[in-house]
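Numbering (my numbering), first residue to last: 367 to 664. Backbone N, C-alpha and C define an ideal beta-carbon position, used for all residues, glycine too. Data first, discussion second: the structure below is written as structure tokens.
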Amino acid sequence: MKFVTYLLNDVETLGIVNSKMTGVYSFKSLGLQKDYKDMNDFIANATESDLAALKSRSYEENASIKVDLLEDIKLCAPIVNPVKDVLCLGLNYKDHVEETNRSFNANYELPKYPIYFSKRVNKAIGINDKITNYQGVSEEVDYEVELAVIIGKEGINIKKEDAYDYVFGYTIMNDVSARDLQQRHGGQWFRGKSIDSFTPLGPWIVYKDEITPPVELDVLSKVNGEVRQSSNTKHFIFDIPTIINDLSAGMTLKPGDIIATGTPSGVGMGFKPPKYLKSGDKVECTIEGIGTLVNVVD
């Protein structure tokens, strides 16, 4: 199942992409009686029977089920307003550690423990939404394709062997980053990654049963058609069970929490000269089994 948030008559609506990938069935069209207020509410409170009913009906080729065609609707970020800041991993690919050292004249070693930061998100943007180029705020706007893990149920001190039980699904995040702000503020990452519109998410959340553990997915980014990043999540330094186990040690994870798992090499700052984003650039972030998230810089 691919869960979406979309605009229907200017109202945010929850639905599932149909099996032909041509349209969306709203929860109501599939007979779900409970009116979930948003995706966070659904992730936290959907019952097993709700999920089973949605899955069985969403794959029916039944002309009586109303479909909203993708070409006629506006897809939003699947989670428009995250319940908290996004939990992010830095330096989770060896080649990106090396790239960061070259770009920032730094001396990061391969981490022995996951490196975390948070990303403030007032409102996530969705597929085909514009990344705002804030001239005068940053002149070094960069892209980072990342697999985002959505937590499905509350947990603390989660064992590695149980970690996938706490996953709801997966989506794509472009961790848009202002590199000059990162450097200006002591090399820490929060400020440069928390600008409005710097969190594209989507185009949907793929339910966990469509991606079999261990999660080893091709990851790709393009700018104006040029391949910039190409890797696979099997190259994580810290895999998903390790991340969930480590994050949840003494800290409760909640339904709807978003964990961004890091980016591989090939970001704009890694080129000589750097290839930062500029107005009009088209960024495509693709992850195997999920899809492609497309945004244009305003």
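Fewer than three beta-carbon pairs drawn from the stretch 636-647 and the stretch 470-480 are found closer than 8 Å, and the two stretches are therefore not classed as touching.
Taking a cut-off of 8 Å for Cβ pairs, the stretch 434-446 and the stretch 594-612 do not touch, as fewer than three such pairs fall below it.
According to the DSSP secondary-structure assignment, TYR573 is paired through a beta bridge with GLY535. Separation of ASN467 and PRO607 (C-alpha to C-alpha, rounded to the nearest whole angstrom) is 27 Å.
Annotation for ALA514: VAL452, TYR536, THR537, ILE538, MET539, LEU567, ILE624, ILE625, ALA626, THR627 place their beta carbon closer than 8 Å to its own, counting only its chain and skipping 5 residues before and after. Beyond the five residues adjoining it in sequence on each side, GLU582 comes within less than 7 Å, by CB distance, of ASN598, THR599, LYS600 in the same chain, given in chain order. Residue state for GLU378 is assigned as strand, using DSSP reduced to three classes.
Exclusion of the five residues before and after THR618 leaves GLU520, GLY521, ILE522 as the residues of its chain whose Cβ lies within less than 8 Å of its Cβ. A straight-line Cα-Cα distance of about 6 Å links PHE604 and ASN458. Annotation: the continuous alpha helix (DSSP H) that includes VAL463 extends over 460-470. With respect to SER504, MET635 sits apart: the two C-beta atoms are not nearer than 7 Å. Annotation for ILE516: no alpha helix (DSSP H) segment contains it, though the beta strand (DSSP E) segment containing it runs 511-517. DSSP places GLN549 in the uninterrupted alpha helix (DSSP H) bounded by 545-550.
Residue state for PHE408 is assigned as helix, using DSSP reduced to three classes. Exclusion of the five residues before and after CYS651 leaves VAL511, ILE538, ASN540, SER587, LEU659 as the residues of its chain whose Cβ lies within less than 6 Å of its Cβ. Around the beta carbon of PRO448, 16 or more other beta carbons sit within 10 angstroms, so the residue counts as buried.
Here TYR474 has LEU457, VAL463, THR466, ASN467 as same chain residues with Cβ atoms under 7 Å from its own Cβ, once five neighbours each way along the sequence are excluded.
In this structure, the beta-carbon distance from GLY397 to LEU436 does not fall below 7 Å.
For ARG594, the enclosing beta strand (DSSP E) has its first and last residue at 592-598.
One thing to note: SER563 has its Cβ no nearer than 7 Å to the Cβ of ILE493. DSSP, read as helix, strand or coil, puts LYS368 in strand. Under the three-state reduction of DSSP output, PHE602 falls in the strand class. For SER587, the uninterrupted beta strand (DSSP E) segment begins and ends at 584-589.
The three-state reading of DSSP puts GLU650 in strand, counting E and B together. Bridge partners of PHE393 according to DSSP: none are assigned. Membership of LYS525 in any alpha helix (DSSP H) is not indicated, and neither H nor E is assigned to it by DSSP. Here TRP555 has GLY456, PHE483, GLN548 as same chain residues with Cβ atoms under 7 Å from its own Cβ, once five neighbours each way along the sequence are excluded. The continuous alpha helix (DSSP H) containing PHE556 extends over residues 556-559.
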